[in-house]
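Chemist:
Residue numbers (our numbering): 824 to 1162.
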């Protein structure tokens, strides 16, 4: 046949163009169909849930409650894998390096974002190396003061500190921890000039507050509650957006006129980067369903949080980005340098 000759389909060149356009379309169509089928059947094998804190911690309790719910719904085993150490870096790095197939996911909290900001050579990027899947809950911090201060509320504490700038102390669980950063947010928004006293253990920090060695501390709700046992400490402010059901009489910092002092710990589920959209959507749906189970919600609330899995994936991703930018700006201003 001569070049450009016509047949029943048209010219030879037209046939070549048709074939080169048809076969890629068929290929990608089959891939898309295969992905849809895979997502519909997901999960068809056990899921690994990495938790970057030790067994028995508040984040661990939330992760295990979720794992139980997911296991019941999917009828697949959800294996909890505690990878604690190095401020959460060990577990987060393991998650970042996992296969992006939806079968390895992890619990992300504030340490997930903060830890790499304290490294000269970060092991991972808290946003770029992960796929946001679902927000589980937000947990407020509680400003707690020693009864030895003879203060009854946040205003009293502010007045006390401002009368003695750079003389009084606040305690935390160490440089760069959530308790340290949350306290610094409170200090800066309220104009408090106090000395940071980092403790090695939470038991030591409790003793420091009860004895009056430090005048106040800022702790996550679950960590703060034991401080009130025996009436040896007083909760005077909640850094969350709303009052807590566990401490309904404690006002929020916004109510007290200090909205810039707000800080909450966002706890959610992430996967490695590039988890397929179908698996992300299915995991989000399963997590929302699990969080509606009464026993799962009860365990979440017991940790001081308000379950919020209905927040869509994009909104959760945006919240993580905002927290990353906030801590990225805060950390250099309080004398913490990457090491």
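Positions of the beta carbon are idealized from the N, C-alpha and C atoms, including for glycine.
Mark residue 1108 as exposed unless 16 or more other C-beta atoms lie within 10 angstroms of its C-beta, in which case mark it buried.
Modeler: Numbered from 1 along the chain shown, position 285 holds the residue referred to as residue 1108. Classification for residue 1108: exposed.
Chemist: My parser needs the beta strand (DSSP E) runs of 3 or more residues fully inside the stretch 873-918; what are they?
Modeler: List check, beta strand (DSSP E) in window: 901-905.
Chemist: In chain order, what are the residue ranges of uninterrupted beta strand (DSSP E) at least 3 long that sit wholly in the stretch 972-1002?
Modeler: Those beta strand (DSSP E) runs which fall completely within the stretch 972-1002 and span 3+ residues are 992-995.
Chemist: Whether or not the stretch 890-901 and the stretch 866-879 are in contact is what I'm after, with contact meaning three or more pairs of Cβ atoms, one per stretch, closer than 8 Å; do they touch?
Modeler: Cβ pair count under 8 Å is three or more, so yes.
Chemist: For residue 1063, count neighbouring C-beta atoms within 10 Å of its own C-beta (all shown protein chains included) and say buried if the count is 16 or more, exposed if not.
Modeler: As a first step, residue 1063 must be located in the chain shown, where it is residue number 240. Residue 1063 should be labelled buried.
Chemist: Taking 8 Å as the threshold (C-beta atoms), are residue 1143 and residue 999 in contact?
Modeler: On the chain shown, position 176 is the one that residue 999 refers to. On the chain shown, position 320 is the one that residue 1143 refers to. No. Outside cutoff.
Chemist: Considering Cα atoms alone, identify which of 915, 1027, 1043 and 1012 is closest to residue 1037.
Modeler: Translated into positions along the chain shown, residue 1037 becomes position 214. It is 1027.
Chemist: In this structure, does DSSP put residue 779 in helix, strand or coil?
Modeler: The question about residue 779 has no answer, for the chain in this structure spans 824 to 1162.
Chemist: With distance defined between alpha-carbon atoms, name the residue in 1145, 1146, 1110 and 1150 nearest to residue 1131.
Modeler: Counted from its first residue, the chain shown places residue 1131 at position 308. Here the closest residue by C-alpha is 1110.
Chemist: If you follow the alpha helix (DSSP H) that residue 1153 is in, where does it begin and where does it stop?
Modeler: Position 330 of the chain shown holds residue 1153. Counting along the chain, the alpha helix (DSSP H) containing residue 1153 begins and ends at 1136-1156.
Chemist: Would you mind stating whether residue 972 and residue 983 have Cβ atoms separated by less than 8 Å?
Modeler: Counting from 1 along the chain shown, the entry for residue 972 is found at position 149. Counting from 1 along the chain shown, the entry for residue 983 is found at position 160. Cβ distance < 8 Å, so residue 972 and residue 983 count as in contact.
Chemist: Go through its chain and collect everything with a Cβ distance to residue 978's Cβ below 8 Å, but skip five positions before and after it.
Modeler: Sequence index remark: in the chain shown, residue 978 carries index 155 (1-based). The residues are 1079.
Chemist: Nearest chain D C-beta to residue 1142 closer than 8 Å, yes or no?
Modeler: Within the model displayed, chain D is absent; a lone protein chain is all it includes.
Chemist: For residue 1012, does the three-state DSSP call read helix, strand or coil?
Modeler: Taking the chain shown and counting its residues from 1, one reaches residue 1012 at position 189. In this structure, residue 1012 counts as helix in the three-state DSSP scheme.
Chemist: So, helix, strand or coil for residue 1046, using DSSP?
Modeler: Numbered from 1 along the chain shown, position 223 holds the residue referred to as residue 1046. The answer is helix: DSSP assigns residue 1046 an H, G or I state.
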